[in-house]
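Number of protein chains: 2
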Amino acid sequence: MTSISIIGAGNMGTAIATIAATGGASVQLLAQDAEKTAAAAAVAGASVVSGVAGDTLTGEIVVLALPYPAVAGVLAQYAGQLDGKILVDISNPLDFATFDSLVVPADGSAAQVIAQTVPGARVLKAFNTTFAATLATGGVNGVAPTTVLVAGDDASAKEALIALLIAGGVLALDAGALKRARELEALGFLQLTLAAGSSIGWTGGFALVK
Amino acid sequence: MTSISIIGAGNMGTAIATIAATGGASVQLLAQDAEKTAAAAAVAGASVVSGVAGDTLTGEIVVLALPYPAVAGVLAQYAGQLDGKILVDISNPLDFATFDSLVVPADGSAAQVIAQTVPGARVLKAFNTTFAATLATGGVNGVAPTTVLVAGDDASAKEALIALLIAGGVLALDAGALKRARELEALGFLQLTLAAGSSIGWTGGFALVK
């Protein structure tokens, strides 16, 4: 059975936990506040185990369902425990004060920064181009199915995540090497600016049509 | 009446000429080969005037419907004639040998390079996120309508192009300042890699859902 630990129990973490539980995975949901995390886990599925950030990770897949500024602290907290794990970065590393630029190198990405920080982990970029509501419903405002784009350099890691998502009822697609995280983060950034400017809603966004 | 000159009579130039003619604009279509350009103009609309690259531009809007490597030569050819014009860059500046990187600065874009080259022009980025087939049909593989994303620093230039596209039957949306061309080009790049890898078809791609 696939096992997954999700750190962060906000809308994104809860939606990902729900998909993983639906897909039959063993799911651990961790966040700062034990009570809120337990409530989110109950929403995600009866089998979802909750805990607090810092608990030993039970998942072979670890999702950082966190805003980018919180990632470094969690990586430090789990130093030495992430080697060999499939480590999934979902962040959109915007400068949220201006909504006008990213805080990572222009020729790189948050995912690549994380891969440099934790060289023993099998880092994937995923989920940053899908708003939480589109993960929760499986559709982009009812017009097209939601597709999770997954980039990474470890083929079997990508396969494992994509298989779990598809088992959980959400389309998922290999978007290429980890360096494509630059483009995925640009897409996520653009989508956020359009939603923040009310050009699109938070239940919409870019739907991938085959 | 809006007037538009389109340089390049390939699939993109012909699709844009068709939309502009449908929208009631005075359309000039220019390319290297007079005979092929006349044939493309006839497809685009009975009122579309054809000519060869180098002819005096009659449009207040000038669309560079060219692959990025051809842009510099055309800008040199029209040096001094582009000041005050609304100059529309549609390019996806990929390294087409590798399909793995862009040939413009990572913190910039082809559109910004063009704006630096022709500082008197009112440069817009548009059309690079919509495959030609989706412009020609107005839909992304029948699933969602096609939306042209337009970025630029000149509000009235953006308004003019967006109004013409909507008059021509295609949705169009203000995607922000010219610096957002970085993100639009990243999106176009990603979409091209997905199509080149057969993950999506050339009639599909990213559809913007509100």
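Quick mapping for you: the protein sequence lines, in order, are chains D and H. The first sequence runs 1 to 210 under my numbering. The second sequence runs 211 to 420 under my numbering. Where a beta carbon is used, it is the ideal one built from N, C-alpha and C, also for glycine.
- Under DSSP, the beta-bridge partners assigned to S213 of chain H are H:S236.
- For V143 of chain D against V380 of chain H, the beta-carbon gap comes to about 17 Å, at or over 8 Å, which does not count as contact.
- Here the alpha carbon of A175 of chain D sits roughly 18 Å from the alpha carbon of L135 of chain D.
- Taking the C-beta atoms as reference points, S50 of chain D is found nearer than 8 Å to L29 of chain D.
- Per the C-alpha coordinates, the member of D:F206, D:D55, D:A172, D:W202 positioned closest to L187 of chain D is D:F206.
- In the DSSP assignment, L397 of chain H falls within the alpha helix (DSSP H) that extends over 391-406.
- At least one CB atom of chain H sits nearer than 8 Å to the CB of E183 of chain D.
- In this structure, the straight-line span from the alpha carbon of G139 of chain D to that of T14 of chain D is close to 16 Å.
- Counting only Cβ-Cβ distances below 7 Å, D317 of chain H has contacts in chain D at A106, in chain order.
- Taking the Cα positions, D107 of chain D is about 36 Å away from A230 of chain H.
- Taking a cut-off of 8 Å on C-beta distances, the stretch 121-129 of chain D touches the stretch 152-166 of chain D, as three or more cross pairs fall below it.
- Excluding five sequence positions before and after W412 of chain H, the CB atoms of its chain that fall closer than 7 Å to its own CB belong to F341, A343, A405, given in chain order.
- Taking the Cα positions, V253 of chain H is about 10 Å away from T247 of chain H.
- Against F399 of chain H, the close residues of chain D are E183, in the order they occur along the chain (beta-carbon pairs closer than 8 Å).
- Between the beta-carbon of D305 of chain H and that of L312 of chain H there is about 7 Å, and that keeps the pair under the 8 Å contact cut.
- Think of a sphere of 8 Å around the beta carbon of V353 of chain H: the chain D residues whose beta carbon falls inside it are V143, A144, A207, V209, in chain order.
- Listed in chain order, the non-local C-beta contacts of A251 of chain H below 6 Å within the same chain comprise L239, V258, S260, local neighbours out to five positions each way being set aside.
- A46 of chain D counts as exposed, since fewer than 16 other beta carbons sit within 10 angstroms of its beta carbon.
- At the C-beta level, L208 of chain D and E393 of chain H stay beyond 8 Å of one another.
- Closer than 9 Å at the C-beta level to chain H, one finds these residues of the stretch 168-181 of chain D: L173, D174, A175, G176, A177, K179, R180.
- The three-state reading of DSSP puts S199 of chain D in coil, since its state is none of H, G, I, E or B.
- The Cβ-Cβ distance between D299 of chain H and A286 of chain H does not fall below 8 Å.
- For V284 of chain H, the uninterrupted alpha helix (DSSP H) run begins and ends at 278-287, by DSSP.
- In the three-state reduction of the DSSP assignment, I162 of chain D falls in the helix class, which pools H, G and I.
- Looking only at H:V262, H:A249, H:M211, the smallest Cα-Cα distance to I217 of chain H is reached by H:V262.
- CA-to-CA, the gap between G120 of chain D and E185 of chain D works out to about 23 Å.
- Closest in alpha carbon position to A167 of chain D, among D:I200, D:G24, D:Q32, is D:G24.
- Within the same chain, S5, K85, L87 come within 6 Å of V62 of chain D by CB-CB distance, once the 5 residues on both sides are set aside.
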